[in-house]
Every structure is written in structure tokens, then in C-alpha cells.
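Participant: In terms of my numbering, the sequence shown is residues 7 to 71.
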Amino acid sequence: MQLHRDPNVLFAGYKLPHPLQYKIIVRIHTTSQSSPTQAYTQAINGLDKELEYLKQAFETPTDHH
Numbered sequence: 007m008q009l010h011r012d013p014n015v016l017f018a019g020y021k022l023p024h025p026l027q028y029k030i031i032v033r034i035h036t037t038s039q040s041s042p043t044q045a046y047t048q049a050i051n052g053l054d055k056e057l058e059y060l061k062q063a064f065e066t067p068t069d070h071h
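#1: By DSSP, does I50 sit in helix, in strand, or in coil?
#2: Which residues bound the beta strand (DSSP E) around K21?
#3: From the DSSP output, in three-state form, read off T37 for me.
#4: Can you find the residues in the same chain that come closer than 7 Å, C-beta to C-beta, to D37, ignoring five residues on each side of it along the sequence?
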């Protein structure tokens, strides 16, 4: 989903060739403004930040009245 938020990504998809193999094939098509590797790296970094935010939200104690 993160890749679909990038305006430079024209297509992003993946497939699992076989359910018993730990292998996925990722296909990313971008505009000339970005490379697939750059878009993938930015998406991973964005997900890392989102997960860190969620982790902190769950670990922060809240007052329940």
C-alpha cells in the first residue's frame, strides 16, 4: 500500500510463485523521476516509521477514567 501512495509509482504488485517457498516477486514501474529501487526503499522507510509510531502509541500509558 505504501508504494501506491508514491505519485512516481505507476504500478506495484507482487506474486508468490509457490506457497511452500519463501520467495516473492515484486514488480514496480515508476516514472522517469524515480527508480523502482528508490521507490521501494522509500516505501520500506515509510512503513518503518508508521510501525514505530504504532509501537509507541501502544506502549504509552493512558489515563482511563
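Built from N, CA and C at the ideal position, the CB exists for glycine as well.
Facilitator: Put simply:
#1: Three-state result, I50: helix.
#2: Residues V15 to K21.
#3: Coil, per DSSP.
#4: Looking at the sequence provided, one finds Thr at residue 37 rather than Asp. Excluding positions up to five away in sequence, the list reads N14 and L16.
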